[in-house]
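Please read the structure below before turning to the comments.
In UniProt numbering, the protein residues as written are 1 to 956.
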């Protein structure tokens, strides 16, 4: 028996994945760094070590590198120039007056950045210095993680993190499997199963694993977590090398954790900065708030005011000195050197002196005060008890305090559906077998049967078809069973715990259990099912054709005890219907469409019998495709496509994903605040549309405009039909809405509301049209339509398309502020793309939360985060910045006017100590306290009246 498992292909939507262009050549890794043959010369290859480096500075380059980065700031560089002028030129004020504030600002910032980098160094050392066990000369040798070399055999114990990328050689289980969680990599918190090749399964001790002589050929490092192509050649004394294919199911990634398995042995293939985790690490691009950009604009304006003041005073000084008595009074005679100095040079020196005298119009300490206000103010989010969730025992998390005020200026919200608007907690609701609905559980597995479609005279489906359907649910999945201390199979009374990377699969297996068919587990490549008569049925698992986003279906090939070979397939209706007999579709289609309208997630189930001769051919093709090192994905996809044809449809399932608590109320409040909410999901249109109605994104009175594959396939030329629809929708919207964008929000309540639905393929047609001119035209019209709609639903979206949508709206005229919120790894791209990214601490792991600027436990917390905290942050920072510029202008204006009374002699009005301390202490601390604690409107009032948020956005 050959247990062969394929793997998921990560879709890139026609775009090249990051690092894909670097996939050139292969590498050869010798297991245990042993030569495979005594006759062949062994030359050790050089690979990078296993050190991880995420820090920015070292002890030697911290000072120059940090100073260089700090002086790239306009204000810091300006004060450095002023300080140098004071040192080199005879100026009216001491160099200390500008040097000390500058030194204070630079020092505080350097300490902050140095501390943050020290934390990164400490985190790196924790990883690099952690203890691992290497198998050398048949003994367990204790080493530091950073000393692992490519080719070393590593032992990993339960609940430990893999120190590098390993190929699984063996585990403590008899079938060579192990369970892994990859929440720190792709955000998926469910257990995944990985497999060793059958030839190394028995090598589960240090002595036996050291006898292995094998070489692994695999691709060079590349960042895609779901792709790995390789093969292992196993050598023995008497036989030629045996080659086995390697895929992602054999690769254990650095950062993943071993679960429910006592120990495993693996060989290191990628180490250090060549691991997939390191290649996927990208420092988040520095997001800058709109307030920070306006500060820079203010600085430039004030710099021109400074230059103007200095130029006016310099000019008036020489006008004043045009009278000889004023130029050289009796009490202040010029020296000979002063008389001989060139007048142009003297004018330039005077101009610089006036610049120094008035330079305090530029608030150098404002940056530090603003940073302190943002940093200290962010604690109010972390401390807010309303954000605490008892289920996960956590509250809100602030990853970036630089964007607090952006929360009060948001125009567009982009949200995921599954796990964000919904619970991502799947429950089996009903199923359909040959057009008959089974809902609820009755004795002897007879569900409450109703009939869909035209055949109303059937009470229920044939008994054999019922059992075939339930067997399909029990066999067509990748669910693993966890039992407590089970040796000869779990006892009937034992409670089975199902584990899977997909909550849908667990719901389906539990659904089959309700009707009397229980999946008991898999042992030695044989799947065990307990039927309604409490008999154990055993099926040999020959192949698993795993689910992927391109095919949108999965299949298993199993062999019954009677020797029959069956293929069971489940997938989306659009992926299964074209591959089954046409006359079978009608019975099930009505059921699927009604379930989708009710908001349920639907899957269709099909099967076919495979003749022994056909299986020999299929088996040969699968093995050949899996052994290929080049273009393996394409070859596997072609074989899968050939296998999954001419199937017989059995029925369909409906699984419910419940709405999150207060999701509808939150969206209503956001609409009332004048925000536009877009839902971006990979789910099918009917399910997503039903969810949008349930959460009140669409009202019953909302007129929906559809730009989907279904609407544009009515015409032979899709682009022409798309253009017609775009023009038609634009005319309708422009006719109903006023031209003024300011009155648009009021128009929502006075006119017909419109909602737009678009799918991924139509979006690709709009953005990637064959003709550039028409593509730009399509995009322009599409954006006009979107701006006039109160809500937009984008379904069947790939992760990169979500980011494209956000980028497109970001670049609109007026640069609207965007916010993205999601809970899974597929939402990370749009979270990083938007101005503000919110992560949900959900059931799909913490990838979104880690890559976000702010993380909250539930979608409902977005309401208070924006309407209350965001509003207050924006008002506070606006007052802070305006105060700094205003008080500095007022501070320097008397100094400017005083020059008219001192003959423009650059006489300072203020004492040097007062000049120095004015910005640092006297005026910074009061406004800092005000900007942290001021509530011009009570926070409860802000949360309860969303219209107050609209005021802050309109007057930003």
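Note that the Cβ used here is the ideal one computed from N, Cα and C, for glycine as well.
What do you reckon, are the CB atoms on residue i and residue j nearer than 8 Å?
i, j, result
"residue 705", "residue 754", "yes"
"residue 794", "residue 697", "no"
"residue 859", "residue 840", "yes"
"residue 791", "residue 863", "no"
"residue 68", "residue 102", "no"
"residue 588", "residue 432", "yes"
"residue 522", "residue 541", "yes"
"residue 658", "residue 422", "yes"
"residue 91", "residue 915", "no"
"residue 656", "residue 427", "yes"
"residue 268", "residue 149", "yes"
"residue 639", "residue 662", "no"
"residue 31", "residue 216", "yes"
"residue 576", "residue 553", "yes"
"residue 883", "residue 408", "no"
"residue 220", "residue 279", "no"
Using three-state DSSP, classify residue i as helix, strand or coil.
i, result
"residue 670", "helix"
"residue 404", "helix"
"residue 784", "helix"
"residue 797", "coil"
"residue 344", "helix"
"residue 218", "strand"
"residue 772", "For residue 772, the predicted structure reports a pLDDT of 49, less than 50, and the residue's modelled location is therefore unreliable. A value from the coordinates is still provided. Here residue 772 sits in helix by DSSP."
"residue 948", "helix"
"residue 696", "coil"
"residue 627", "helix"
"residue 385", "helix"
"residue 298", "helix"
"residue 943", "helix"
"residue 28", "strand"
"residue 718", "helix"
"residue 268", "strand"
"residue 444", "No answer about residue 444 holds up, because its pLDDT of 40 lies below 50 and its placement is not dependable."
"residue 960", "Since the first residue shown for the chain is 1 and the last is 956, residue 960 is missing from the structure and cannot be characterised."
"residue 396", "coil"
"residue 658", "strand"
"residue 922", "helix"
"residue 349", "helix"
"residue 735", "helix"
"residue 59", "coil"
"residue 287", "coil"
"residue 488", "With a pLDDT of 45 at residue 488, under the threshold of 50, the modelled position of that residue is not reliable, and no figure is offered here."
"residue 873", "helix"
Where DSSP assigns a beta bridge to residue i, which residues make up the other side?
i, result
"residue 678", "414 and 792"
"residue 559", "540 and 565"
"residue 574", "Answer is none; residue 574 lacks a bridge partner."
"residue 936", "Paired residues: none, contrary to the question."
"residue 112", "Answer by DSSP bridge pairing: none, since residue 112 is not bridged."
"residue 820", "414 and 837"
"residue 431", "438 and 653"
"residue 606", "569 and 649"
"residue 601", "655"
"residue 192", "180"
For residue i and residue j, which I take to be in contact (beta-carbon distance under 8 Å), what is that distance rounded to the nearest angstrom?
i, j, result
"residue 730", "residue 785", "6 Å"
"residue 509", "residue 479", "5 Å"
"residue 806", "residue 820", "6 Å"
"residue 557", "residue 543", "4 Å"
"residue 362", "residue 307", "Rounded, the Cβ-Cβ distance is 11 Å, inconsistent with contact."
"residue 595", "residue 272", "Wrong, their Cβ atoms sit about 49 Å apart, outside the cutoff."
"residue 320", "residue 885", "Rounded, the Cβ-Cβ distance is 30 Å, inconsistent with contact."
"residue 481", "residue 214", "Going by Cβ atoms, the distance from residue 481 to residue 214 rounds to 31 Å, so no, they are not a contact pair."
"residue 514", "residue 539", "Going by Cβ atoms, the distance from residue 514 to residue 539 rounds to 21 Å, so no, they are not a contact pair."
- Item | Cβ pair count under 8 Å reaching 3, the region 496-504 against the region 528-536 | Result no; under three Cβ-Cβ pairs closer than 8 Å.
- Query: Three or more beta-carbon pairs under 8 Å between the region 144-156 and the region 125-136, yes or no?
  - Reply: The region 144-156, when compared against the region 125-136, does touch it at the 8 Å Cβ threshold.
- Just checking, does the region 466-473 make contact with the region 602-616 on the three C-beta pairs under 8 Å criterion? Contact holds between the region 466-473 and the region 602-616, because three or more Cβ pairs, one in each stretch, are under 8 Å apart.
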